[in-house]
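Counting along the sequence shown from 1, when you hit position 461 you're at 463 in this note's numbering, and nothing is skipped either side. All C-beta atoms in this analysis are idealised placements derived from N, C-alpha and C, irrespective of residue type, glycine included. The structure displayed is predicted, hence computed values, not measured ones.
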Amino acid sequence: MKFLALFAGILGLGVAAPSERANSNLPPLTYNETSFFYNGEPIQLLAGQMDAQRIPHELWRDRLKMAKAMGLNTILTYPFWDLIEPEEGKWDFSGENNIAEYFKIAQEEGLMTSLRLGPYVCAEHTWGGYPAWLINKDGTIRTGEGELMDYYKKYMEKMYEHVKDQLASNGGSIVMVQIENEYGAYANDSSYKEALRDLAIEVGYDVLLYTTDQANDASVKGGNIPNTLQELDGADADVSEAQKYIPVDSSKGPFMNTEYYTHWYDQFNATYQHEAIDDKGIEKVRTELTALLKKHGSFSLYMFHGGTNFGFQAGANWDDDLQTYLPTTSAYDYSAPLDESGRTTKLYDTIREVLVDYWKTVNSSYKVPDVPDQTARIETDKIQLKACKRVLDNLPSPAHTDRPTNMEAIGQANGFINFRKTIDSDIQGDLSVGDRPRDRILVYVNNKRQGLIDARFHNNPTITLDLKKDDQLDLFVENLGRVNYGHNMEDQRKGIVGDVSINNHTLSSGWKVYGLPFDEITPFTENCDSDMDSSNFSPTVYTGQFHLDTVDDTFLSTDGWAKGIAWVNGHNLGKYWTIGPQQQLYVPKSWLKKGQNTIALLELVSTNSSYVQGVQIRSWYNNPDPDAP
3 MKFLALFAGI
13 LGLGVAAPSE
23 RANSNLPPLT
33 YNETSFFYNG
43 EPIQLLAGQM
53 DAQRIPHELW
63 RDRLKMAKAM
73 GLNTILTYPF
83 WDLIEPEEGK
93 WDFSGENNIA
103 EYFKIAQEEG
113 LMTSLRLGPY
123 VCAEHTWGGY
133 PAWLINKDGT
143 IRTGEGELMD
153 YYKKYMEKMY
163 EHVKDQLASN
173 GGSIVMVQIE
183 NEYGAYANDS
193 SYKEALRDLA
203 IEVGYDVLLY
213 TTDQANDASV
223 KGGNIPNTLQ
233 ELDGADADVS
243 EAQKYIPVDS
253 SKGPFMNTEY
263 YTHWYDQFNA
273 TYQHEAIDDK
283 GIEKVRTELT
293 ALLKKHGSFS
303 LYMFHGGTNF
313 GFQAGANWDD
323 DLQTYLPTTS
333 AYDYSAPLDE
343 SGRTTKLYDT
353 IREVLVDYWK
363 TVNSSYKVPD
373 VPDQTARIET
383 DKIQLKACKR
393 VLDNLPSPAH
403 TDRPTNMEAI
413 GQANGFINFR
423 KTIDSDIQGD
433 LSVGDRPRDR
443 ILVYVNNKRQ
453 GLIDARFHNN
463 PTITLDLKKD
473 DQLDLFVENL
483 GRVNYGHNME
493 DQRKGIVGDV
503 SINNHTLSSG
513 WKVYGLPFDE
523 ITPFTENCDS
533 DMDSSNFSPT
543 VYTGQFHLDT
553 VDDTFLSTDG
563 WAKGIAWVNG
573 HNLGKYWTIG
583 PQQQLYVPKS
593 WLKKGQNTIA
603 LLELVSTNSS
613 YVQGVQIRSW
623 YNNPDPDAP
């Protein structure tokens, strides 16, 4: 590509601007108005979404084999920028971030791939994949304002360097690259959209470029980028009727539902039941896919396999009607054909029947591979845990500020942050903390809990304090995940934004700010406190060991524990919360070992249990919210 441009320049020939590139004719995957072609032969894309960073990399091949065995020929995946560049300029393409290796394995298993580049991806991932340090930069996300476009370019360049050998133009599996994500549901900034397209071309993504938008008039027109194939998504397989809204011929092409929602994700809430697909829903998928394939349409199941929001990956939504915050669960099971632990479901079997019949019709010489053998998950004995350290008694070195500040201002992205102040003089009255809870603030005076301020509640109860000189006030703030969809994304600072006051008197000067990202749990599991005061509960780390003779996947039951984070052998499994509907955490076999294993829990609220257990069968249910006002 670069050689041709140079050769044309030497001869004095005109070189097409990025916006004039023939997007429909970039082998091996090309298209006309009605069909895709692979190396000149008509093809339908039978795809499924499966994000590499939601699966332990040791299990990628297992999951990809399952995709091929269901009858798929393509895998779509999002890259999560925040995991790849967690600190500005510090890039990490190892482990689950080695997306190029994921694409390589996909090709070895006979699958094409699509890189849904973004940089915004949504995906119920915290802040839609944006790294938290962007909050400190000039500009508004999903626009070309300020300096953000420079960072988008750096991201695209680094991703290109990482995956270029896996582009189909270089013999790899990546046949398509998506720009942005459902932009038309957010705004209609032509300069921003087209700048992203031009950046992708300039950087070197010389494969088919496309966009995905919701299937309605405003979204299609708002998200359209000329000379970029425009595809649609929706809960019905065939939403091709909305193609009539595509405003320019250079974006028209064959229909593909790039996010066919076979079901939905879960959110932590005492009244939200698990999103479980039923037999009626499964038959709807059968009927709709059969009809779509007969019409020569293409699709991508969202999700084929959802995986897990390990660690602090889970995002959140903002409910405009209720004016409340809704955090996403650690499980991203999605009632997908392949469940969170990589086992097949009734939906998988049903779709496989449809696709086996399809392949018999279009290519009788091709046989869909047999479904690989599936091992049984394991159950452990009850694992005894003991209290090790209270967080507020074992804080790291603080930053000293005149007022509390947001998490990102001290270079922290996720986890917790504690604000401590020694009171200068007696004061009584109602507590006010910043502009709003971001996201969950536990209030302590002299290590005794005084109340909770929670973004999930439209009306939080008033916390009235009676503070004496030299009392110790702690505001322990949890980041529950940044909003990943809608205009509330634009301000996702965490911690405290604004002043802290009592009875309208601002508590200024003398604040100590303790960053608690919990990137590692080890500092809180060594040299346990043997004389811990248990009379007043505050966030506490518990530890235990368990022995395994056989290693396989399991689900960690935290029944009896209220709310917190769990680690196994140093791996952050994600968040547990008694309110449900998720009640167990997925433990992948690749993170376990024969012999002794270690477990740690950071319990934030309280517990009436002293053990956890690995179980074979997970259950979904809700409990009353102990913190509900």
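Kindly provide the ranges of any alpha helix (DSSP H) runs that are 4 or more residues long and lie completely inside the segment 337-409, ordered along the chain.
Fully enclosed alpha helix (DSSP H) runs of 4 or longer: 348-364.
Where GLU87 and LYS296 are concerned, what is the direct C-alpha to C-alpha distance, given to the nearest angstrom?
Mapped onto the sequence shown, residue 87 falls at position 85. Mapped onto the sequence shown, residue 296 falls at position 294. Cα to Cα, the separation comes out at about 43 Å.
Does the segment 268-279 touch the segment 513-530, meaning 3 or more C-beta pairs lie closer than 8 Å?
Contact between the segment 513-530 and the segment 268-279 is absent, with fewer than three C-beta pairs closer than 8 Å.
Select from TYR188, ALA316, ARG23 the residue whose C-alpha is nearest the C-alpha of LEU201.
As a first step, residue 201 is located in the sequence shown; it is residue number 199 there, counting from the start. From the listed residues TYR188, ALA316, ARG23, the smallest Cα separation to LEU201 is found for ARG23.
Just to confirm, is the Cβ distance from THR292 to VAL356 under 8 Å?
Locating residue 292 in the sequence shown gives position 290, where the first residue counts as 1. Locating residue 356 in the sequence shown gives position 354, where the first residue counts as 1. Contact check for THR292 against VAL356 passes: the beta carbons are separated by less than 8 Å.
Reduced DSSP secondary structure (H/G/I, E/B, other) of ASN420:
Here residue 420 refers to the residue found at position 418 of the sequence shown. Strand at ASN420.
Could you give the distance in angstroms between the alpha-carbon of ARG484 and the alpha-carbon of ASP404?
Stepping through the sequence shown from its first residue, residue 484 is reached at position 482. Stepping through the sequence shown from its first residue, residue 404 is reached at position 402. Rounded to whole angstroms, the gap between the alpha carbons of ARG484 and ASP404 is 26 Å.
Per-residue burial, THR424 [other beta carbons within 10 Å of its own, 16 or more giving buried]:
Within the sequence shown, the letter at position 422 stands for residue 424. Exposed: under 16 other Cβ atoms inside 10 Å.
Given that a residue counts as buried once 16 or more other Cβ atoms are within 10 Å of its Cβ, and exposed if not, what is HIS507?
Residue numbering aside, residue 507 sits at position 505 when the sequence shown is read from its first letter. Sixteen is the threshold: since fewer than 16 other Cβ atoms of the shown chains lie within 10 Å of the Cβ of HIS507, the residue is exposed.
Any idea if HIS127 is buried or exposed, counting beta-carbon neighbours within 10 angstroms, 16 or more meaning buried?
Along the sequence shown, one-based indexing puts residue 127 at 125. Using a 10 angstroms sphere on the CB of HIS127, the tally of other CB atoms reaches 16 or more, which defines it as buried.
On a Cα-Cα basis, can you pick out the residue from LEU550, PHE421, GLN585, GLY512 that is closest to GLY566?
In the sequence shown, residue 566 corresponds to position 564, counting from 1. Proximity to GLY566 across LEU550, PHE421, GLN585, GLY512 peaks at GLN585, based on C-alpha coordinates.
Simplified DSSP assignment, three categories, for MET258
Position 256 of the sequence shown, counted from the first residue, corresponds to residue 258. MET258 carries a strand assignment under DSSP once its states are collapsed to helix, strand and coil.
Residue burial classification, ALA338 (beta-carbon count within 10 angstroms, cutoff 16)
Translated into the one-based positions of the sequence shown, residue 338 becomes position 336. Of the other Cβ atoms in all chains shown, 16 or more fall within 10 Å of the Cβ of ALA338; this residue is therefore buried.
Output the boundary residues of the alpha helix (DSSP H) element that contains VAL617.
Taking the sequence shown and counting its residues from 1, one reaches residue 617 at position 615. Here VAL617 belongs to no alpha helix (DSSP H); instead the beta strand (DSSP E) covers 613-617.
PRO626 versus LEU454: straight-line alpha-carbon distance, rounded:
One-based indexing of the sequence shown puts residue 626 at position 624. One-based indexing of the sequence shown puts residue 454 at position 452. Straight-line spacing of the CA atoms in PRO626 and LEU454 works out to 16 Å.
Counting only the same chain and skipping the five closest in sequence on each side, list residues whose C-beta sits under 6 Å from that of LEU169.
Numbered from its first residue, the sequence shown carries residue 169 at position 167. Residues ILE176, VAL209 of the same chain have their beta carbon placed closer than 6 Å to that of LEU169, with the five preceding and five following residues left out of the count.
Please report the residue range of the beta strand (DSSP E) in which TRP513 lies.
Looking up residue 513 in the sequence shown gives position 511. That run of the beta strand (DSSP E) goes 513-518.
Is it right to say TYR80 is buried, meaning 16 or more other beta carbons lie within 10 angstroms of its own, or is it exposed?
By 1-based counting over the sequence shown, the position of residue 80 is 78. That one is buried.
Give the range of the alpha helix (DSSP H) segment to which ALA108 is assigned.
In the sequence shown, counting from the first residue as 1, residue 108 sits at position 106. According to the DSSP assignment, ALA108 belongs to the alpha helix (DSSP H) that extends over 101-110.
With a cut-off of 8 Å, do at least 3 Cβ pairs link the segment 574-589 to the segment 535-544?
With the cut-off at 8 Å, the segment 574-589 and the segment 535-544 do not touch.
What is the DSSP secondary structure of LEU454, counted as helix, strand or coil?
Start at 1 with the first residue of the sequence shown, and residue 454 comes out as number 452. For LEU454, the three-state secondary structure derived from DSSP is strand.
On the DSSP letters alone, give me the boundaries of the beta strand (DSSP E) that ASP235 sits inside.
Taking the sequence shown and counting its residues from 1, one reaches residue 235 at position 233. Per DSSP, ASP235 belongs to the beta strand (DSSP E) from 231-236.
With a threshold of 16 other CB atoms inside 10 Å of the CB of LYS195, please say whether the residue is buried or exposed.
Within the sequence shown, numbered from 1, the residue matching residue 195 stands at position 193. By the 10 Å Cβ count, LYS195 comes out buried.
CA nearest to the CA of GLU233, picked from ALA197, GLY299, ASN190:
As a first step, residue 233 must be located in the sequence shown, where it is residue number 231. Checking every option, the nearest Cα to that of GLU233 belongs to GLY299.
Do ASN481 and ASN420 come within 8 Å of each other at the CB atom, strictly closer than that value?
As a first step, residue 420 is located in the sequence shown; it is residue number 418 there, counting from the start. As a first step, residue 481 is located in the sequence shown; it is residue number 479 there, counting from the start. By the CB criterion at 8 Å, ASN420 and ASN481 fall outside the cutoff.
With ASP150 as the anchor, note down where its alpha helix (DSSP H) starts and where it stops.
What you label residue 150 is simply residue 148 of the sequence shown in a count that begins at 1. Sequence inspection shows Leu at residue 150; the Asp mentioned does not correspond to that position. Bounds of the alpha helix (DSSP H) holding LEU150 are 150-165.
Using the C-alpha atoms, what's the distance from SER399 back to GLU60?
Your numbering for residue 60 matches position 58 in the sequence shown. Your numbering for residue 399 matches position 397 in the sequence shown. Rounded to the nearest angstrom, the two C-alpha atoms are 36 Å apart.
Segment contact flag, the segment 280-292 with the segment 224-244, C-beta cutoff 8 Å, min 3 pairs:
Contact check between the segment 280-292 and the segment 224-244: three or more CB pairs, one atom from each, fall below 8 Å, which counts as touching.
Do GLU89 and TRP135 count as a contact pair if the criterion is CB distance below 8 Å?
In the sequence shown, residue 135 corresponds to position 133, counting from 1. In the sequence shown, residue 89 corresponds to position 87, counting from 1. In this structure, GLU89 lies closer than 8 Å to TRP135 by Cβ.
Three-state secondary structure assigned by DSSP to THR292:
Within the sequence shown, residue 292 is the residue found at index 290, counting from 1. THR292 falls in the helix class under three-state DSSP.
Taking the beta carbon of PRO439 as the centre, do at least 16 other beta carbons fall within 10 Å, making it buried, or is it exposed?
Taking the sequence shown and counting its residues from 1, the one referred to as residue 439 is at position 437. It counts as buried.
To the nearest whole angstrom, what separates the beta carbons of VAL543 and LEU444, a pair I think is in contact under 8 Å?
Position 541 of the sequence shown, counted from the start, is the residue given in the question as residue 543. Position 442 of the sequence shown, counted from the start, is the residue given in the question as residue 444. The Cβ separation is near 15 Å, so there is no contact.
Taking its Cβ as the centre, do 16 or more other Cβ atoms sit within 10 Å of THR580, making it buried, or is it exposed?
Here residue 580 corresponds to residue number 578 of the sequence shown, with the count starting at 1. Buried, because 16 or more other Cβ atoms sit within 10 Å of the Cβ of THR580.
State the Cα-Cα distance for the pair ASP554 and SER343, rounded to the nearest angstrom.
Numbered from 1 along the sequence shown, position 552 holds the residue referred to as residue 554. Numbered from 1 along the sequence shown, position 341 holds the residue referred to as residue 343. Those two C-alpha atoms are separated by around 10 Å.
Residues in the same chain with beta-carbon distance under 7 Å from TYR247, minus the five sequence neighbours each way, listed in chain order, please.
Position 245 of the sequence shown, counted from the first residue, corresponds to residue 247. Answer for TYR247: ASP219, VAL222, LYS223, listed in chain order.
Select from MET114, LEU31, ASN505, GLY582 the residue whose C-alpha is nearest the C-alpha of ALA333.
As a working mapping, residue 333 is identified with position 331 in the sequence shown. It is GLY582.
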